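This report refers to the structure that appears directly beneath it.
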Amino acid sequence: MLILAFPDYLPQAKRLAARLEVKLKEISIHHFPDQESLVRLPTDIPEHVLFVRSLNQPNEKLVELLFAAKTARRLGAKRITLIAPYLCYMRQDIENHPGEAISQQIIGKWFADLFDDLITVDPHLHRISSLDEAFPMKNAIALSARPVITALLQKKFDHAILIGPDSESKQWVASLAEKIGFDYGIASKIRQGDKQVKISLPKTDFQNQTIVIVDDMASTGRTISETTKLLRSQGATDIFAVVTHPLFFNDAEQLLRQSGIKAIWSTDSITHPTTIMYLDELLAEAIKKIC
Ligand code: R5P
Numbered sequence: 000m001l002i003l004a005f006p007d008y009l010p011q012a013k014r015l016a017a018r019l020e021v022k023l024k025e026i027s028i029h030h031f032p033d034q035e036s037l038v039r040l041p042t043d044i045p046e047h048v049l050f051v052r053s054l055n056q057p058n059e060k061l062v063e064l065l066f067a068a069k070t071a072r073r074l075g076a077k078r079i080t081l082i083a084p085y086l087c088y089m090r091q092d093i094e095n096h097p098g099e100a101i102s103q104q105i106i107g108k109w110f111a112d113l114f115d116d117l118i119t120v121d122p123h124l125h126r127i128s129s130l131d132e133a134f135p136m137k138n139a140i141a142l143s144a145r146p147v148i149t150a151l152l153q154k155k156f157d158h159a160i161l162i163g164p165d166s167e168s169k170q171w172v173a174s175l176a177e178k179i180g181f182d183y184g185i186a187s188k189i190r191q192g193d194k195q196v197k198i199s200l201p202k203t204d205f206q207n208q209t210i211v212i213v214d215d216m217a218s219t220g221r222t223i224s225e226t227t228k229l230l231r232s233q234g235a236t237d238i239f240a241v242v243t244h245p246l247f248f249n250d251a252e253q254l255l256r257q258s259g260i261k262a263i264w265s266t267d268s269i270t271h272p273t274t275i276m277y278l279d280e281l282l283a284e285a286i287k288k289i290c
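At position 256 of the sequence shown the residue is numbered 255 (numbering that gives the first Met the number 0), and the sequence of numbers has no breaks.
This is the structure we're talking about:
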């Protein structure tokens, strides 16, 4: 088994290789002036290779993954496992308007052609309950970052109210809160545009309470910043946020800081200054189970 690491994900891939005690080699990527990618793999590869790369800002990465997978097969790989802690294009799981691409299904079938196994973390599964419904392959494994989030919350707080900012977050928030004995509430959210969300908080007394907003990802940061502002207006004192995937697009982080949040913590699913939790142990355990 060999880990093939993409340059943008080298620190995470190294942590995983060390945890698994397997060799790592780097994939080299050259970007031509016109932005086409030249992907080069080491030529001496074993039958089983693991690609490690999160798929935030995915379009270029997807093309490079396609080139890498096809090249690995040509060089003799019989099994290719993709470790993509952040899995892209999961939110579009139905045709909301006639003619729209159902990206989740398209990516699912595409990956099933390229890879034998896929391991990801907290994928945005809304209308399907299991990852293999969209990714019909040998192993399509959706891990949860709950163990590392639980450990963090227990280290940081004796008690706090966990808030899920929308109905979809209930799956993470309720089980987290039950596990560590914290209270929780679920807000409701109407998304009015890419950068507009309307949040309604659950009916709870937030006066002088410590709150931790928990979500799978922060993208534009609107969901968490709007929730924070509302909580502050209802008297909450210390507000924190924990996310698995810190996408933090454009002004997201600045917006969050301005909302009055005390701290934001994330996993290393995506390289970001808010990273405080590491996924290598979780990923390694899952890899060992299927190899
Ligand atoms: C969506 O339902 C997700 O769980 C997140 O709440 C959402 O993607 C966050 O997006 P943003 O940061 O753009 O509000």
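Just so it is clear, CB atoms sit at the ideal spot from N, CA and C, and this is done for glycine as well. Everything numeric in this text was worked out from a predicted model, so none of it was measured.
Paired residues, beta bridge with residue i - DSSP
i           : result
residue 28  : 38
residue 50  : 3, 81
residue 339 : As shown, the chain starts at 0 and ends at 290. That puts residue 339 outside it, with no answer to give.
residue 217 : 245
residue 183 : 161
residue 239 : 211, 262
residue 189 : 197
residue 142 : 120
residue 301 : Residue 301 falls outside the range modelled here, since the chain spans only 0 to 290, and no answer is possible.
residue 22  : 1
Contact check, residue i vs residue j, beta carbons under 9 Å
i           : j           : result
residue 54  : residue 23  : no
residue 196 : residue 225 : yes
residue 84  : residue 170 : no
residue 14  : residue 277 : yes
residue 252 : residue 274 : no
residue 144 : residue 152 : no
residue 47  : residue 89  : no
residue 289 : residue 261 : no
residue 246 : residue 162 : no
residue 187 : residue 174 : no
residue 37  : residue 67  : no
residue 270 : residue 7   : yes
residue 63  : residue 134 : no
residue 45  : residue 76  : yes
residue 283 : residue 19  : yes
Option in the options with minimal Cα separation from residue i
i           : options            : result
residue 81  : 123, 37, 50        : 50
residue 235 : 227, 189, 251      : 227
residue 265 : 257, 214, 199, 248 : 214
residue 118 : 131, 220, 125      : 131
residue 193 : 220, 181, 92, 177  : 220
residue 240 : 188, 148, 199, 173 : 148
residue 178 : 185, 164, 146, 209 : 146
residue 172 : 243, 129, 1, 42    : 243
residue 190 : 207, 142, 164, 139 : 164
residue 216 : 29, 79, 121, 109   : 121
Any non-hydrogen atom of the ligand SAM closer than 8 Å to residue i Cβ
i           : result
residue 102 : With respect to small molecules bound, the structure shown includes the ligand R5P and not the ligand SAM.
Can you list the beta strand (DSSP E) stretches of 3 or more residues lying completely in the region 87–136, in chain order? Taking 3 residues as the shortest admissible run, the region 87–136 contains the following complete beta strand (DSSP E) segments, listed from N- to C-terminal end: 116–120.
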